[in-house]
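Here is the structure we will look at, set down as structure tokens.
Residue numbers (full-length UniProt numbering): 1 to 312.
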């Protein structure tokens with residue numbers, strides 16, 4: 001039977017009993033699983049709770065928050081060292097059905113061209129599709145999924161260009177060709193970049209229509225802080241990296257270099273006219289653009305080659 005390691009990155013996983021529900025669902029799986037938790041320096045009792053209540057789980061507490069991608073790399077590195085056939089990345093706020101992973105493993109056995117397989121993402125109660133997931137299988141991403149669902153003829157694997165990493169089955173062969181998550185991303189964007197790399201190396205990404213996961217996202221009302229976050233430099237950095245570090249586009253990085261030159265000229269022209277707050281923002285944005293230019297150039301060179309990048 002295939003050796004599957006489930007990897008969960010936690011940060012304050014006691015919220016809404018997330019980690020308990022997630023680990024209980026793993027215990028109920030009909031496929032034997034080894035679970036690895038990489039904790040991103042939680043400030044609650046996540047680590048002690050797991051060690052006390054789930055002694056079968058291997059826990060790697062971190063001294064600092066590594067972010068989603070690099071923390072998963074810790075778990076994937078360990079799984080590879082233990083000769084895992086597959087890793088299954090699972091969000092701390094996501095829960096399995098008993099047959100979720102066994103169905104995914106079977107699907108990959110029958111369709112080895114897929115480098116990433118995902119179950120269908122339902123919301124936390126299972127009453128409907130997860131909102132974000134519904135976009136990943138929209139008509140312009142796969143023009144059969146919704147038609148087949150309405151006609152009650154969903155079957156097999158549906159190819160998509162992207163699905164988020166809340167529940168990914170990744171075969172060992174994918175890790176040997178692509179590697180782990182690119183460390184230029186801290187939180188957000190790393191799964192998009194990983195899918196870009198999979199497609200570049202001729203690996204398919206698919207959603208299995210008879211396998212499910214429940215994604216119990218935190219529900220919060222929009223507020224002023226969220227509005228600020230949406231226009232923050234961090235968000236802008238993720239957007240630039242996702243777009244211009246895409247190795248499937250030869251012209252992407254050239255466009256970024258043109259943008260950087262334009263920003264430099266614009267800042268020099270406007271710095272005396274800008275109010276102090278705007279001048280600070282433009283200066284910080286320019287500093288960020290210069291920094292990520294070097295990061296993306298290095299990233300594109302590494303990711304265009306095959307190998308277990310970022311895992312050794």
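For every residue, glycine included, the Cβ atom is placed at its ideal position computed from N, Cα and C. Bear in mind that the values here come from a model prediction, so they are computed numbers and not experimental data.
About 5 Å separates the beta carbon of residue 247 from that of residue 303, a gap short enough to meet the 8 Å contact definition. In the DSSP assignment, residue 82 falls outside any beta strand (DSSP E) and carries neither an H nor an E. By DSSP's assignment, residue 60 forms a beta bridge with 38.
Distance from residue 288 to residue 241 at the Cβ level is roughly 10 Å; contact not present, criterion being Cβ atoms closer than 8 Å. A buried status is given to residue 174, since no fewer than 16 other beta-carbon atoms sit within 10 Å of its beta-carbon.
A direct Cα-Cα distance of roughly 11 Å separates residue 291 from residue 298. Annotation: residue 142 is outside any beta strand (DSSP E) and is labelled neither H nor E by DSSP. In the three-state scheme derived from DSSP, where H, G and I count as helix and E and B as strand, residue 100 is classed as helix. In the three-state scheme derived from DSSP, where H, G and I count as helix and E and B as strand, residue 159 is classed as strand. Restricting attention to beta strand (DSSP E) runs no shorter than 3 residues, the region 177-247 encloses them at 204-215, ordered along the chain. Residue 20: member of the alpha helix (DSSP H) spanning 18-27, first to last residue.
Residue pairing by DSSP places residue 167 opposite 90 in a beta bridge. For residue 197, the number of other beta carbons within 10 angstroms of its own is at least 16, and it is reported as buried. If you draw a straight line from the Cα of residue 71 to the Cα of residue 40, it is about 7 Å long.
Rounded to whole angstroms, the separation of the alpha carbons of residue 286 and residue 162 is 30 Å.
Sequence-distant Cβ neighbours of residue 45 in its own chain, meaning closer than 7 Å and more than five residues away, are 14. Secondary structure at residue 174: helix, using DSSP grouped into helix, strand and coil.
Boundaries for residue 54: no alpha helix (DSSP H) harbours it, and the DSSP string shows neither H nor E there. Here residue 120 is bridged, per DSSP, to 212. For the pair residue 17 and residue 63, the Cα-to-Cα distance works out to about 23 Å. A distance of 8 Å or more separates the beta carbons of residue 102 and residue 187.
As the crow flies, the alpha-carbon of residue 153 is around 24 Å from that of residue 168. Between residue 60 and residue 5, the alpha-carbon positions lie close to 14 Å from each other.
Per DSSP, the beta-bridge partners of residue 5 are 34, 87.
Residue 289 sits in a helix when the DSSP states are folded into three classes. Taking each of 20, 42, 140, 165 in turn and checking the Cα distance to residue 90, the smallest one comes out for 165.
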